[in-house]
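Just so we're aligned, residue 4 is where the sequence shown starts under this note's numbering, counting upward by one. For reference, the structure is listed below as structure tokens.
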Amino acid sequence: MKRILLASLTSSIAIAAAMPADATIFIGYSLNGGAITQLASDTATPGATRYTGVVGNYLFNLGVLGTPMLTQPSLMTQAMVTQIDNGQTGQNNVVSIYFSNTDLSAFSGGLMSSFTSNLLSGSAQSVMMSTYYNAANAAYSGTLMKMSTFTGLGVAQGGPAINVAGPFSTTVRYDVTFGSGAGTTNDTVNLVAVPEPASWALMIVGFGLMGGALRSRKTKVAFA
């Protein structure tokens, strides 16, 4: 019993040490490639951050859920952007929305990006969605993993395998292009970790060993 308790305590300490201490989610935006303005942040683990408000000619309804649990980084994001003013007649205005999750633990495996264009109406002409990871643990930038552009309803999925030391960060970005007049977009991006093949193999072996152990524990019935 003492050995079990000691092993459990040791495991708990190891997990606590591996968890990112100050994982933070940031929401930011920029207009026409200008400076990025931070709109909200959250230091909880897992973190859930929202921002709803009017900035200039635009109404933002933004939400993000992040789960930086050990080797399972995940960002589930939604961005609804409405141009409520006429904007600049004859010009395209690009509104960029950024969701960043910093201070993630070291990770080796695939990061799958799932893009969904739910709505493009009025002056909303297109939306480009992209995902990044940053080995320097910086927000709002990094190495491109997956990018898709939509001019209507649609879905896309894909992503690379990465091997990066912690702490590192991931970012989901939306670039929405508006013409003149009112318009609305509603889009979602899920960035989810996919274990590397070696990890899947270990999990399968582990399940096999568990099944074998359960079989060996079956009660034997003796007959006179």
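We treat Cβ as the ideally placed atom computed from N, Cα and C, and that holds for glycine.
Taking Ile30 as reference, the option from Leu107, Tyr143 and Ser151 with the minimal CA-CA separation is Tyr143. The residue among Ala51, Ala139 and Ser183 with its C-alpha nearest the C-alpha of Asp106 is Ala139. Following the DSSP letters along the chain, one finds Leu62 inside the beta strand (DSSP E) bounded by residues Tyr61 to Gly69.
A straight-line Cα-Cα distance of about 28 Å links Pro163 and Gln41. No residue range can be given for Ala141, since it is assigned to no beta strand (DSSP E) and is classified by DSSP as neither H nor E. Taking a contact to require three or more Cβ pairs closer than 8 Å, the stretch 125–141 and the stretch 55–62 do not qualify as touching. The secondary-structure analysis by DSSP pairs Asn104 across a beta bridge with Ile28 and Thr173.
Between the C-alpha atoms of Asn193 and Ser126 there is a straight-line separation of about 26 Å. In terms of Cα proximity to Met83, the closest of Leu62, Leu156 and Leu68 is Leu62.
Within the same chain, Thr187, Thr188 and Asn189 come within 7 Å of Leu122 by CB-CB distance, once the 5 residues on both sides are set aside. DSSP places Gln160 within a strand segment (E or B) once states are collapsed to three.
Around the beta carbon of Val158, fewer than 16 other beta carbons lie within 10 angstroms, which makes this residue exposed. If you ignore the 5 residues before and after Thr80, its C-beta comes within less than 6 Å of the C-beta of Val67, Phe102, Val175 and Val192, all in its own chain and listed in chain order. DSSP places Gln81 in the uninterrupted beta strand (DSSP E) bounded by Ser77 to Gln86. With contacts defined as CB atoms closer than 9 Å, Ser117 and Val167 fail to qualify as a contacting pair. In this structure, DSSP gives Ala168 a state outside helix and strand, which the three-state scheme calls coil. Leaving aside the five residues that flank Gly182 on each side, the residues in its chain whose CB is nearer than 7 Å to its CB run, in chain order, Asn95, Ser126 and Gln128. Judged by DSSP secondary structure, Ala43 falls within the beta strand (DSSP E) whose first and last residues are Thr40 to Asp45.
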